[in-house]
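For reference, the structure is listed below as structure tokens.
Numbering (my numbering), first residue to last: 390 to 630.
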């Protein structure tokens, strides 16, 4: 049987812990063939991002379109895209194609360093309307909606606002909020599904966990699981990365 094919469109991380490198590692560990279109080159290590350069939008467009001429992925996952223009290009490449899309709206690095100006508006305008699921953490959800997200009720309101921008599902991850348990929230516009699970101390391994989770979720969606099943299976695996 041919392996499932997934495409990640994101930034390159020289440390190997996040971005393209993390996505491809997850795809391979789960038995999939990973393709990658690089949207940005970063200067980073496991402690933070020092700088980056985004690739030219036309170069990114040609990477994606030339891949599509040869191999069509079962799922596309996006991460850090480097510029507003690159976000728009990715949306144009995916427009009209029946390909599930997992959008990890990377706004800042784990260290808190901002990645590119205009990211919030670009993700909301161009990629959210095409997304099968968007996977912000609570801080990103707050930045995207202009509200503080500190409680489950805050997460629900943020999810409503993000769902109004067009994705089929919103997954807000609560790992960066205080509490003995982590609460994640899934919302499809009809009902809220919240999942409490023990907090795992990842210490220095927290770099790239958002990439790993979104990539794992993409794999299980490619396998045909529904969103809730895909979330549950992803949660079992992501702390192993």
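Virtual Cβ for every residue (Gly too), placed ideally from N, Cα, C.
(message) Check for me: the alpha helix (DSSP H) holding residue 454 runs from which residue to which?
(response) 446-459
(request) Leaving out five residues on either side along the sequence, give the residues of the same chain with a beta carbon under 7 Å from the beta carbon of residue 592. (result) Low per-residue confidence applies at residue 592: pLDDT is 46, beneath 50, and the placement is therefore not dependable enough to give any value.
(message) Quick check on the DSSP output: the alpha helix (DSSP H) that includes residue 533 runs from which residue to which?
(response) 527-534
(message) What residue range does the beta strand (DSSP E) around residue 466 cover?
(response) 464-467
(request) Could you tell me which of 445, 404, 577, 412 sits nearest to residue 439, measuring between CA atoms? (result) 404
(message) What does the alpha-carbon distance come out to for the pair residue 620 and residue 490?
(response) 15 Å
(message) Mapping the DSSP letters down to three states, classify residue 424 as helix, strand or coil.
(response) strand
(message) I'd like the span of the beta strand (DSSP E) that includes residue 398, first residue to last.
(response) 394-401
(request) State yes or no: is the C-beta of residue 572 within less than 9 Å of the C-beta of residue 541? (result) yes
(request) Return the CA-CA distance between residue 539 and residue 488, expressed in angstroms with no decimal places. (result) 33 Å
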